[in-house]
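Report on the structure given below.
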Amino acid sequence: MSDYQHRARKRFGQNFLHDAGVIHRILRAIHAREGEHMLEIGPGQGALTEGLLNSGAQLDVIELDRDLVPILQHQFGNNPRFRLNQGDALKFDFNQLQAAPHSLRVVGNLPYNISTPLIFHLLSNAALIRDMHFMLQKEVVERLAAEPGGGDWGRLSIMVQYHCRVEHLFNVGPGAFNPPPKVDSAIVRLVPHEVLPHPAKDHHLLERVVREAFNQRRKTLRNTLKNLLPAAAIEAAGVDGSLRPEQLDLAAFVRLADKLAEQPNAD
Ligand code: SAM
16 MSDYQHRARK
26 RFGQNFLHDA
36 GVIHRILRAI
46 HAREGEHMLE
56 IGPGQGALTE
66 GLLNSGAQLD
76 VIELDRDLVP
86 ILQHQFGNNP
96 RFRLNQGDAL
106 KFDFNQLQAA
116 PHSLRVVGNL
126 PYNISTPLIF
136 HLLSNAALIR
146 DMHFMLQKEV
156 VERLAAEPGG
166 GDWGRLSIMV
176 QYHCRVEHLF
186 NVGPGAFNPP
196 PKVDSAIVRL
206 VPHEVLPHPA
216 KDHHLLERVV
226 REAFNQRRKT
236 LRNTLKNLLP
246 AAAIEAAGVD
256 GSLRPEQLDL
266 AAFVRLADKL
276 AEQPNAD
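Residues 16 to 282 in the working numbering are what the sequence shown spells out, letter by letter.
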């Protein structure tokens, strides 16, 4: 450990893990192995980093806070399998890691304010990724892993489940962190599909239909989608227009998006 005492910064979403039992449980769930290519986002003071490196894996880390760079270099810089990238993970070009297709294993106890945009940024590179393990706000994990029919099922669930299999692994209380966050957390595993189970003709149209449908989740689909799809097109997609968006599964949203692709002026 370095002599330097780092004060956690709120603006970087810094809640450092300090519970050895929780750290061990996360590392066991990730189960990094020799020869694998890991990417840790926001290593902080290295709570997970050490165990990841001890597995024998190759480890890239991306850390935004410049003040943490000397601490991380001091602890891990001598290890030839460790590579530190200082910068914003939201702007990071993952192609520069030169990972083989479906090989990159991504890990992070993420700052909660960037978790959703970061997941989408990673999913735009899904072909590089083998799996992802994240610590997130528990409510976000519940939305990611939700099933149709309930209040958690929405845009985030659908757009992430389009690309990935999602597993809510376990919950972590605030006491595992320093300083403790105000919310409960959970560990989620996301595994990008090698072959999409419900491919849409145009992914952007799926985003559009889902966004429009959930803008007013209490209304019927016939109502919320009226600017995009006539009632007859909704029925032709095999969807009951009198349902609410939360009652539809991913496959039904993909059928609606594919119907939209057939409409004149759809783009
Ligand atoms: N992994 C450490 C742990 O578990 O103790 C730290 C977790 S802390 C919740 C989040 C970390 O992400 C902090 O080190 C913070 O500086 C870093 N961070 C915040 N925003 C970031 C960004 N946009 N890109 C990369 N790292 C970021």
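Note that the Cβ used here is the ideal one computed from N, Cα and C, for glycine as well.
This one's a predicted model, so the numbers in the text were calculated from it and none came from an experiment.
So Pro126 and Gly28 are supposed to be a Cβ contact under 8 Å. How far apart are they, rounded? Here the question's residue 126 lines up with position 111 in the sequence shown. Here the question's residue 28 lines up with position 13 in the sequence shown. Their Cβ separation, rounded to whole angstroms, is 2 Å, which keeps Pro126 and Gly28 in contact under 8 Å.
Smallest Cα separation from Leu99: which of Gly61, Leu221, Ala267, Arg204? Start at 1 with the first residue of the sequence shown, and residue 99 comes out as number 84. Comparing Cα positions, the closest option is Gly61.
Taking the alpha carbon of Ala266 as the point to measure from, which residue in Ala276, Asn242, Ala215 has its own alpha carbon closest? Translated into the one-based positions of the sequence shown, residue 266 becomes position 251. Here the closest residue by C-alpha is Ala215.
Does DSSP put Gly166 in a helix, a strand or coil? As a first step, residue 166 is located in the sequence shown; it is residue number 151 there, counting from the start. In the structure shown, Gly166 sits in coil (DSSP, three-state: anything other than H, G, I, E or B).
Hey, how far is the Cα of Gly66 from the Cα of Ala141? The count along the sequence shown starts at 1 and reaches residue 66 at position 51. The count along the sequence shown starts at 1 and reaches residue 141 at position 126. Rounded to whole angstroms, Gly66 to Ala141 spans 25 Å at the Cα level.
Please go through the same chain and pick out, in chain order, the residues whose beta-carbon is closer than 6 Å to the beta-carbon of Pro272, but skip the five residues on each side of it. By one-based count along the sequence shown, residue 272 stands at place 257. A small fix is needed here, since residue 272 is Ala in this sequence, not Pro. For Ala272, where only same-chain residues beyond five positions count, the Cβ hits under 6 Å are Ala215, Leu220, Leu221, Val224.
Using the Cβ count rule (16 or more neighbours within 10 Å means buried), how would you classify Lys25? Here residue 25 refers to the residue found at position 10 when the sequence shown is read from its first residue. Looking at its Cβ environment, which holds fewer than 16 other Cβ atoms inside 10 Å, Lys25 is exposed.
So Leu54 is in the beta strand (DSSP E); what residue range does that whole segment cover? The residue given as residue 54 occupies position 39 in the sequence shown. Its beta strand (DSSP E) spans residues 52 to 56.
Contacts around Lys241, its chain only, beta-carbon distance under 7 Å, and the 5 residues preceding and following it disregarded: Mapped onto the sequence shown, residue 241 falls at position 226. Taken in chain order, the list of residues that qualify is empty.
Around the Cβ of Phe185, are there at least 16 other Cβ atoms within 10 angstroms (buried) or fewer (exposed)? Counting from 1 along the sequence shown, the entry for residue 185 is found at position 170. Exposed, by the Cβ-count rule.
From Ser139, Leu79, His52, His136, pick the residue whose C-alpha is nearest to that of Ala1; which is it? Residue numbering for the chain in the displayed model covers 16 to 282; residue 1 lies beyond these limits and cannot be assessed.
Hey, could you find the ends of the alpha helix (DSSP H) Val84 is sitting in? If you number the sequence shown from 1, residue 84 lands on position 69. First-last of the alpha helix (DSSP H) with Val84: 84 to 91.
So, for Pro58: in the same chain, excluding its five sequence neighbours on each side, which residues have a beta-carbon less than 7 Å away from its beta-carbon? Mapped onto the sequence shown, residue 58 falls at position 43. The answer, listed in chain order, is Thr64, Val76, Glu78, Leu87.
From Asp108, Gly123, Leu68, residue whose alpha carbon lies closest to that of Ile202: Residue mapping note: residue 202 aligns to position 187 of the sequence shown, counting from 1. Ranking Asp108, Gly123, Leu68 by Cα distance to Ile202 puts Gly123 first.
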